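Just so you know, the sequences run in chain order Z and E. Going by the working numbering, the first sequence opens with residue 1, and the numbers climb by one from there. Going by the working numbering, the second sequence opens with residue 1001, and the numbers climb by one from there. For every residue, glycine included, the Cβ atom is placed at its ideal position computed from N, Cα and C. Quick caveat: nothing in here was measured; it's all calculated off a predicted structure. Input: a single structure, listed below in C-alpha cells.
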Amino acid sequence: MSPITLLRRHWMWLAVLVLMFAIPFAFYDWSRGRHSGFALTLMSQMALMAVFALSYNMLMGQAGLLSFGHAILFGIGAYFTAHTLNFVKANDILWLPAELIPLAGGVGGLLCGTLAGYVATKQRATAFAMITLGLGELFTASALMFMTFFGGEGGITTNRVIGSSLFGFTYSSAWQVYCLLVVWAMIAAILMYLQTQTPLGRIANAARDNYERTQFVGYDPRVVRYWQFILSGFFAGIAGGLYTLVYEIVTFDTLAAVQSANGLLAAYIGGAAGFFGPVLGAVVVVGLQSGISLYTSAWLVYIGVLFIVIVMYAPGGLIGIIGVHAPIVRMGRMRELVVPYARVLAPGAVMMLGFVTFVELANHLTIGAARGKKLALLGVPLDSSSLLPWIIGVAMMLGGALWLRVEGRGFRLRWNALIEDAKARGIVA
Amino acid sequence: MEVFVVSLLNGLVYGMLLFMLASGLTLILSMMGVLNFAHASAYMLGAYFAYTVSLYVGFWPALIIAPLLCGLIGAGIEMYGLRQVHRHGHIPELLFTFGVALIIEKVVQMTWGLIPVPYRIPTELDFPLFTIYGTQFPAYRAFMLLISALMFLIIWLGLTRTRIGLIVQASLTHPDMVGALGHNVPRVFTMVFAAGTALAGLAGVIGGNYRVTDPGMAFSMGPIVFVVVIFGGLGSLTGCFIAAIMMGLIQTFAVVLDYSLADLLEVFGVIVTKATPGAEFLMVSLPRIGALLPFILLVLILMLRPRGLMGTRDT
C-alpha cells in the first residue's frame, strides 16, 4: 500500500495524534511558560480511559462478552507498574528505561488475564458476566485484605522519576509524562486495531455472532474467548501502567466496580460496534465526569440518563448515530436535514434545560443547601425553596417533551424519505 | 452451643431476608432472561418509602404502601423501559437495568440525603421476645421471620395452586406456547416484574430498619442477591430458598468463627509465624473473608455447575 492510500484510509489516527499534542497548547499559560495542569491531567485521563475502554471493547464489541470486572486487569496492571517502579528505583539489579515501564503493567494484566480468564471464559453470555462480577468483588476485597502487595486502603505510592531513560528525559515534568502517555496510548490503540484484523479477532466476531456454527466450522469458542481475554488483559494492564505513571499512587479503587462500570459506560456510550466508538465514549465520559462535576454534584444522574437514552434509542452508541448519516452525506444531501434538525433540537434543548433545572433544584434542596451553596443556572440565580422555579422546570421538561414528539414525527418522515432515496440509488443495502 | 443457637437464628433471619429479595429476581431472571440490576435498588426504595410513609401514618400502613409503590415503579420500568429495549437483545436489557440502578441511587441521594436516615423499628415490636443462653432475641427479628415465611407460603401457594400461578410457571419454560394458547405473555411479564419489585420493596421495608437505610444499601446488597439466584439455579424457587438460607448462615457463622488457616495448621503441629512464606494469606481470619465466601461460591458454581443447585437450565 502506498503512503497516500494508507493516509487516506487512516487519516483519523493522524488527526487524533495531532489533536492530542495540539489541545494542551490551547490551555498553555504563555505568560508563565507553563502547561495547564488541569488540561494535562484531563487529557491524560481521557487517553488512558480510551485505552481501557478499547481493551474492554475487545471483549464486549469483538467477542460479545459482557464483563463486570474488567477493572481487575487494569488495577493489577497498575499495581504491577507501581511495584516495578519501586523495585527499579531501590535496586540496581534491573535496568529498565522509564519508557518501557508501562510494559510492566501490560505483563501484570496479561498474568491476571491468564488466571482470571481461565475461570471466566469457561462460560459465555450471562454466566460469564456473573463470573466477572464475582471476580471483581473478590479482587476488591482481597486488595483491602492483603497489605504487602496492595497496601490496604492507603494503596501503593511510587515515584516515576527513576533516572533511566532511552532518550535522556527525566519525566519529572507533567508535559514529558503526557507525551510518553500519548505515544503509549497510540501504540496500544494501533495494536488493538491490528488485532481486530487477525484471524483471532475475526473468529472472535464469529463466535460472538453464532458460537454454535463456529464450533461446527472447527474452532473451540472457549479457546477463542480465552485468548481474547488474555490479550484484552494485556492492554487493560497497559492502561493501568499509564495510570500509575500519571498519578504515582495506586489504590484499590483502580480495580473496584466503579472503574469497571466506567469502562462499560465509555465503551457502550461511544458505541461498541465501531473501533473508534470506545475512544469517543472515553472522551465523553471523562469529560462529563471531570467537566460537569466541577459545576454540579449531580453529574452521575446526567451520565446515567445519557446511558439509558443511548441504550433505549441508539444501541449503536454515539459512533452509530454518526454512522447512520453516512449514506446521506454520500448523496450530498445533508443540507436538507439542517432545518429538520434545527426544529428537533429546539424542543430538545428546552426539554434538557427543564430537566437540568429540575435535577439541580432537587440536588440543591437536599445536598447543596446543606453545604451552604448558592444555586445559579446560566447566570440566573434560583431559589430551591420557592415553588416557581420548580414549576418552570417541570413545565419546560414536559412541554419540551410534547413539542419534541410533534417535531419528531416530521423529522422521521423527512429522514425516512432520504433513506428510501439512498436505498433506491443503491447507496445503502 | 450458645453462639451456635444465636447465630443460627440470626442466620435464618438474614437468609429469609435474602430470600425475599432473591425470589422476585429468580422469577424475573428465569422468565424474562433479564438480569435485573435494579432489583436491589427496589429494596433500597422500599426502605426509604417506608421511612417517609411511617413518618406520617406509622409503620403498619407503610408495610403495605411502600411495597405497592415499588411494584408500581417496577411495572413502569417494565412497560416503558424494558419492553422498548427488549428488541435490541439481552445485553441492552441488562445494561438498561444497570443504568436505572445508577439513576435510582443518585435520585435517592438527592431526595433523602447522603447520610443514613433514622428509620427505626416500630416501638410495638421493640422488646426482647425471649432470652436464650443470656442473649436476648428481639421480637422484631421474629416478626421478620414471620413476614418472610408468610411471603414464601403465599408465593408457593400462588404459583402452584392458582390459575395465574400455572400460567406464570408455564411462561417460565415455554413462553411461546403460552402465547400461542392465547394468554397475554407481555402482561404476565409486567405482572411478574411488578410483583418481584414489590417483594424486593417489602424486603426493604422490613430490612431497612433491621440493618441500615443509606444510599449505599443497594450496591452492598445487589451482588449477594445475584449470588443467591445463580446458586439456587434458574427457574427454581426451592433452590433459591435453600441458597438464600445457606448464604445467610454462611455469612453469619463466618463472622463468629474467629479462625484462620494458620489455626488449622496448628492442629497438625505446624506453627505459622510472620516469617512463614505466605503468612499473610494463612493468617487471614474467617470473619474477614466472610464477605468473600459468597463470591468464591459464585465463581465455583458457575465454573463447575452453571445450572446451580436445582436449576432447570444453564445460566
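For residue i, count the other beta carbons within 10 Å of its own beta carbon; 16 or more makes it buried, fewer makes it exposed. Which is it?
{"i": "V250 (chain Z)", "result": "buried"}
{"i": "G1269 (chain E)", "result": "exposed"}
{"i": "D209 (chain Z)", "result": "exposed"}
{"i": "Y1133 (chain E)", "result": "exposed"}
{"i": "S172 (chain Z)", "result": "exposed"}
{"i": "M12 (chain Z)", "result": "exposed"}
{"i": "T1316 (chain E)", "result": "Only positions 1001 to 1315 of chain E appear in this structure, which leaves residue 1316 (chain E) out of reach."}
{"i": "W1060 (chain E)", "result": "exposed"}
{"i": "G1058 (chain E)", "result": "exposed"}
{"i": "Q1136 (chain E)", "result": "exposed"}
{"i": "M1001 (chain E)", "result": "exposed"}
{"i": "H450 (chain Z)", "result": "Residue 450 (chain Z) is absent from the model: chain Z starts at 1 and stops at 429."}
{"i": "T81 (chain Z)", "result": "buried"}
{"i": "A1180 (chain E)", "result": "exposed"}
{"i": "G1074 (chain E)", "result": "buried"}
{"i": "H364 (chain Z)", "result": "buried"}
Would residue i count as contacting chain Z if we go by Cβ distances under 7 Å?
{"i": "F1295 (chain E)", "result": "yes"}
{"i": "F1096 (chain E)", "result": "yes"}
{"i": "I1224 (chain E)", "result": "no"}
{"i": "M1303 (chain E)", "result": "yes"}
{"i": "H1174 (chain E)", "result": "no"}
{"i": "M1247 (chain E)", "result": "no"}
{"i": "G1158 (chain E)", "result": "no"}
{"i": "I1230 (chain E)", "result": "yes"}
{"i": "G1011 (chain E)", "result": "no"}
{"i": "Q1084 (chain E)", "result": "yes"}
{"i": "L1234 (chain E)", "result": "no"}
{"i": "H1088 (chain E)", "result": "yes"}
{"i": "G1165 (chain E)", "result": "no"}
{"i": "I1132 (chain E)", "result": "no"}
I'd like to confirm the pairing. Which residues does DSSP put opposite residue i in its beta bridges?
{"i": "P1128 (chain E)", "result": "E:P1138"}
{"i": "I156 (chain Z)", "result": "Z:V250"}
{"i": "Q34 (chain Z)", "result": "For the sequence presented, residue 34 (chain Z) should be read as Arg rather than Gln. Note: R34 (chain Z) sits in a beta bridge opposite Z:D29."}
Within the same chain, show all residues whose beta-carbon is closer than 8 Å to that of residue i, passing over the 5 residues directly before and after it, in chain order.
{"i": "P221 (chain Z)", "result": "R124, A207, Y211, T214, Q215"}
{"i": "V279 (chain Z)", "result": "V16, A50, A53, L54, A189, G270"}
{"i": "V1005 (chain E)", "result": "I1132, Y1133"}
{"i": "V344 (chain Z)", "result": "L404, E407, G408, F411"}
{"i": "V1212 (chain E)", "result": "P1116"}
{"i": "M331 (chain Z)", "result": "L418, D421, A422, R425, I427"}
{"i": "V1053 (chain E)", "result": "P1061, A1062, I1065, A1066"}
{"i": "F1127 (chain E)", "result": "P1138, A1139"}
Can you name, in chain order, every residue of its own chain whose Cβ lies under 6 Å from the Cβ of residue i, other than the five neighbours on each side?
{"i": "H1039 (chain E)", "result": "L1025, A1200"}
{"i": "M1217 (chain E)", "result": "M1044"}
{"i": "L48 (chain Z)", "result": "A239, L242, Y243"}
{"i": "Q1109 (chain E)", "result": "P1215"}
{"i": "I321 (chain Z)", "result": "A314"}
{"i": "S232 (chain Z)", "result": "S55, M58, L59"}
{"i": "P102 (chain Z)", "result": "W184, I238, G241, L242"}
Is the Cβ of residue i closer than 7 Å to any Cβ of chain E?
{"i": "N363 (chain Z)", "result": "yes"}
{"i": "G323 (chain Z)", "result": "no"}
{"i": "L138 (chain Z)", "result": "yes"}
{"i": "I308 (chain Z)", "result": "yes"}
{"i": "L402 (chain Z)", "result": "no"}
{"i": "P315 (chain Z)", "result": "yes"}
{"i": "M145 (chain Z)", "result": "yes"}
{"i": "G151 (chain Z)", "result": "no"}
{"i": "L300 (chain Z)", "result": "yes"}
Grab me the residues of residue i's own chain with a C-beta within less than 7 Å of its C-beta, minus the 5 sequence neighbours each way, in chain order.
{"i": "L1055 (chain E)", "result": "none"}
{"i": "F87 (chain Z)", "result": "L94"}
{"i": "L306 (chain Z)", "result": "I269"}
{"i": "V1205 (chain E)", "result": "G1046, A1047, A1050, A1062, L1063, A1066, P1067"}
{"i": "N1209 (chain E)", "result": "Y1119, R1120, I1121"}
{"i": "V1185 (chain E)", "result": "S1171, P1175, V1178, G1179"}
Handout entry: Whole runs of the alpha helix (DSSP H) within the region 53-131 of chain Z, excluding any shorter than 4 residues
Key = As for any alpha helix (DSSP H) of minimum length 4 sitting wholly inside the region 53-131 of chain Z, the runs are 71-90, 101-120, ordered along the chain.
Problem - Contiguous alpha helix (DSSP H) assignments of at least 4 residues, all confined to the region 1143-1183 of chain E - result: Correct list: 1163-1173, 1175-1180.
Practice task
Could you name each continuous beta strand (DSSP E) segment of 3 residues or more that falls completely within the region 1232-1313 of chain E, going from the start of the chain to the end?
Solution key: If only uninterrupted beta strand (DSSP E) runs of at least 3 residues are considered, none is enclosed by the region 1232-1313 of chain E.
Practice task
Entirely within the region 186-259 of chain Z and at least 4 residues each: give me those alpha helix (DSSP H) ranges in chain order.
Solution key: The qualifying runs are 199-209, 211-217, 221-247.
Problem - Entirely enclosed beta strand (DSSP E) segments - the region 281-319 of chain Z, minimum 3 residues - result: With a minimum length of 3 residues, no continuous beta strand (DSSP E) run stays inside the region 281-319 of chain Z.
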